[in-house]
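**Student:**
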Amino acid sequence: DFCKNLKTYNFGPSYGIKINERLALGTTLYMHYRTRNYINRHFINFDDGRYQWANAYKWLTESGLKPVFGLMWTPADRWSIGTTFSKIYIFDTDLRAQATYKSPDYTNTTIDYSIWKSHDKKEFPFVTTLGIAYFPSDRILFSTDISHYTSAPYTLRLNNIDTGSYIPENVSQESVVNMAIGAEYYPNAGIALRGGLYTNMANTPELISGKTYQPEHIDMYGASLSVSSFSRLSSLTVGGNYAYGKGKAQIIGDDPSIQDAVMQNLTVFVSAAFSY
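Quick note: the sequence shown, position 186, residue 187 per our numbering, numbers continuous.
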């Protein structure tokens, strides 16, 4: 049984300036606020009659700033090139965790129960994006972009509320590159059809034999499709994303065995905008 609720809020002022007819600059200073609730329960029956039961609950809130700087350049008619630079800086973090665990060991009949907390701040990568768009006609747009995320390792110390001890956890976030291609088609002045392909590569290390408690490593590949209806003052978009990936994982935390893993993700979205 697995449940993860993640909510991220970014809000703040933006400013843009037109340098000349082909070059424009812009920046945004977001206030960043994120909450995450994580519940993971599993019960495993082994062939020899043993069993393992574990329950983990994590609750997180964090706040900070996310500055974004962007540049848009039009080198020729029907061509546009843009780039952005961004990074999230965390100022405050509150992490609480609760763990319940029953070992599959026959000789150990006790159930381990512990509560942990941490105020260590997560490190986020520096993100650079580059996008290119081409308009072969007034009705069709082709685009592609590439995003680079720097490595961002950090240490998270979980403090046991009852004993005062702590467990240092070295979190490894590796450098990754993601790519996307897409197209837009306008059958008329009020309708837009959009579709594309993209990657979502894992920033976790590849799993190593002999180690335990390793995070999963699954590279995802996806597709998106949407339709928009808009007028001068409003717009409505309906669409969906589907992603699929294969990789490796460890479903039993204290067991060094590595399992093949498959992940699928389906998202349906509706968005609306209104201006006046």
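Positions of the beta carbon are idealized from the N, C-alpha and C atoms, including for glycine.
1) Can you grab the Cα-Cα spacing for the pair K19 / M73, in whole Å?
2) Quick check on the burial criterion: 16 or more other C-beta atoms within 10 angstroms. Buried or exposed for H120?
3) Would you list the residues sitting across from T94 in a DSSP beta bridge?
4) Determine the DSSP secondary structure at H149, reduced to helix, strand or coil.
5) Do L237 and S230 have their beta-carbon atoms positioned less than 7 angstroms apart in this structure?
6) Straight-line CA distance for T62 to S138?
7) If we count Cβ pairs, one from each stretch, closer than 8 angstroms, do we get three or more for the segment 189-200 versus the segment 156-164?
8) Whole angstroms is fine: what's the gap from T213's alpha carbon to R51's?
9) Please classify T111 as buried or exposed, where buried requires at least 16 neighbouring CB atoms within 10 angstroms.
10) Return the chain-ordered list of same chain residues with a C-beta closer than 6 angstroms to the C-beta of M221, the five sequence neighbours on each side being excluded.
11) Would you kindly check if the distance between the Cβ of Y186 and the Cβ of I141 is under 7 angstroms?
12) Output the boundary residues of the beta strand (DSSP E) element that contains E170.
13) Could you say which of T130, W60, R79, R97 lies nearest to K88 if we only look at CA atoms?
14) Determine whether the beta carbon atoms of G65 and T85 lie at a separation below 7 angstroms.
15) Identify whether L30 lies in helix, strand or coil by the three-state DSSP scheme.
16) Could you tell me the boundaries of the beta strand (DSSP E) in which T238 lies?
**Tutor:** This is what the structure holds:
1) 9 angstroms
2) exposed
3) E63
4) strand
5) yes
6) 47 angstroms
7) no
8) 20 angstroms
9) exposed
10) N201, A244, G246
11) yes
12) 167-172
13) T130
14) no
15) strand
16) 235-250
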